[in-house]
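S.K.: First the structure, then my questions, so here it is.
Residue numbers (our numbering): 44 to 188.
So this is what it looks like as structure tokens:
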């Protein structure tokens, strides 16, 4: 949860200008000015590092690695891709599929074919889900860039 919160916060730090243009996101703490980007970035770094370390110490390195990889994939690959290429949707679907895999890894200390069932279902569900959301929010997305 801590690493996911870090990734989401970094996403919002990088998206301040776009979020300020969209009705759906303009009231978030960063675009509305309730939290400064510096404080948000410091919090995200601290929580992301602590969450990854906690997973490594209390679960295992596989779970910590999946969490750290998902943070990087979400904040530093998916977020910038949103502005330049539609492949971001597939990257975002991978990001959404990793959490149950991470949970399996934390509990079993390994991955198996069975561990891929729920992530695969989530991956394929997210594509039509996002397309429907994009259609419903198309005016807002156009305003956001």
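For each residue, glycine too, the CB sits at the ideal point set by N, CA and C.
Only a predicted model underlies this, so the values are computations on that prediction, with no experimental measurement involved.
Please name the residue in 47, 66, 154 and 177 whose C-alpha comes closest to that of residue 103.
M.R.: Position 60 of the chain shown, counted from the start, is the residue given in the question as residue 103. Ranking the options by Cα distance to residue 103, first place goes to 154.
S.K.: Along the alpha helix (DSSP H) that carries residue 135, what are the first and last residues, could you check?
M.R.: Residue 135 sits at position 92 when you count from the first residue of the chain shown. Looking at the DSSP string, the run of the alpha helix (DSSP H) that includes residue 135 is 131-151.
S.K.: Taking the alpha-carbon of residue 63 as reference, which of 54, 57 and 75 has the nearest alpha-carbon?
M.R.: Taking the first residue of the chain shown as 1, we reach residue 63 at position 20. Looking at the Cα atoms, 75 is the closest of the given residues.
S.K.: Can you grab the Cα-Cα spacing for the pair residue 70 / residue 60, in whole Å?
M.R.: Here residue 70 refers to the residue found at position 27 when the chain shown is read from its first residue. Here residue 60 refers to the residue found at position 17 when the chain shown is read from its first residue. Approximately 12 Å between the Cα atoms of the pair.
S.K.: Helix, strand or coil for residue 51? Go by DSSP, reduced to three states.
M.R.: The residue you call residue 51 lines up with position 8 of the chain shown. Residue 51 falls in the helix class under three-state DSSP.
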